[in-house]
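Numbering (the numbering used here), first residue to last: 262 to 380.
A virtual CB, placed ideally from N, CA and C, is assigned to each residue, including glycine.
Being a predicted model, the structure only gives us computed values, none of them experimental.
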Amino acid sequence: MLDPIPSRDARVPSRGEDAILHRRVDRPMHNVGCYRFVECTSLDARGVPIGDITAYDDVLFPYDRGLRAANDLRGLGVARMGAEGPLIEEESAVTQLGMVRVTLRDLENGFARAFDAGA
């Protein structure tokens, strides 16, 4: 699924605040979430990036609570969990420095990680 963050008309936040661009809550069924961040000129009618495309980051987030102590999830294969996963909130914001900060949070136990795309 592609979420355009931020759009060309997104406002830069005022002093002392971040501008929330996108928030979604989902209950994933896999052990690890893989998020890709790219910058593109525009999106076509289906929401697919077109024009100039620049890759920024790949972010891995442990949905499986047993993986949260791991320092590196890159060598792990993405697999379906046997049971329903935790309730996860994804939030994207533009910081005062103009960076896109993505925060992934387990709403049921408070575990969270934040990533600055392109940093």
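To the nearest angstrom, how far is it from the Cα of V361 to the Cα of G294?
On the sequence shown, residue 361 is found 100 positions in, with the first residue counted as 1. On the sequence shown, residue 294 is found 33 positions in, with the first residue counted as 1. One C-alpha to the other measures close to 18 Å.
Bridge-paired residues (DSSP) for T356
Within the sequence shown, numbered from 1, the residue matching residue 356 stands at position 95. Answer is none; T356 lacks a bridge partner.
Integer Cβ distance of L368 from E352, believed to fall under 8 Å:
By one-based count along the sequence shown, residue 368 stands at place 107. By one-based count along the sequence shown, residue 352 stands at place 91. Incorrect: roughly 11 Å between the Cβ atoms, too far for contact.
Go through its chain and collect everything with a Cβ distance to R366's Cβ below 6 Å, but skip five positions before and after it.
Numbered from 1 along the sequence shown, position 105 holds the residue referred to as residue 366. E350 and A373, listed in sequence order.
My output table needs one value for L368: the three-state DSSP class, helix, strand or coil.
Start at 1 with the first residue of the sequence shown, and residue 368 comes out as number 107. Reduced to three states, the DSSP call for L368 is coil.
Have a look at G359, R341 and N370 and flag the residue whose alpha-carbon is nearest the alpha-carbon of I281.
As a position in the sequence shown, residue 281 is number 20, starting the count at 1. Closest by alpha carbon: G359.
Do M290 and R329 count as a contact pair if the criterion is CB distance below 8 Å?
One-based indexing of the sequence shown puts residue 329 at position 68. One-based indexing of the sequence shown puts residue 290 at position 29. No, they are not a contact pair.
Which residues in the same chain as G346 place their Cβ atom closer than 6 Å to its Cβ, once the five residues preceding and following it in sequence are excluded?
What you label residue 346 is simply residue 85 of the sequence shown in a count that begins at 1. Answer for G346: R288, P289, M290 and Y324, listed in chain order.
Give a yes or no on whether the C-beta atoms belonging to R335 and L321 are separated by under 8 Å.
Taking the first residue of the sequence shown as 1, we reach residue 335 at position 74. Taking the first residue of the sequence shown as 1, we reach residue 321 at position 60. Yes. Within cutoff.
Own chain residues within Cβ distance below 6 Å of F376, not counting five before or after
As a first step, residue 376 is located in the sequence shown; it is residue number 115 there, counting from the start. Closer than 6 Å at Cβ, skipping near neighbours: V320 and V363.
For the beta strand (DSSP E) containing V299, name the first residue and the last one.
By 1-based counting over the sequence shown, the position of residue 299 is 38. V293 to L304 is the extent of the beta strand (DSSP E) around V299.
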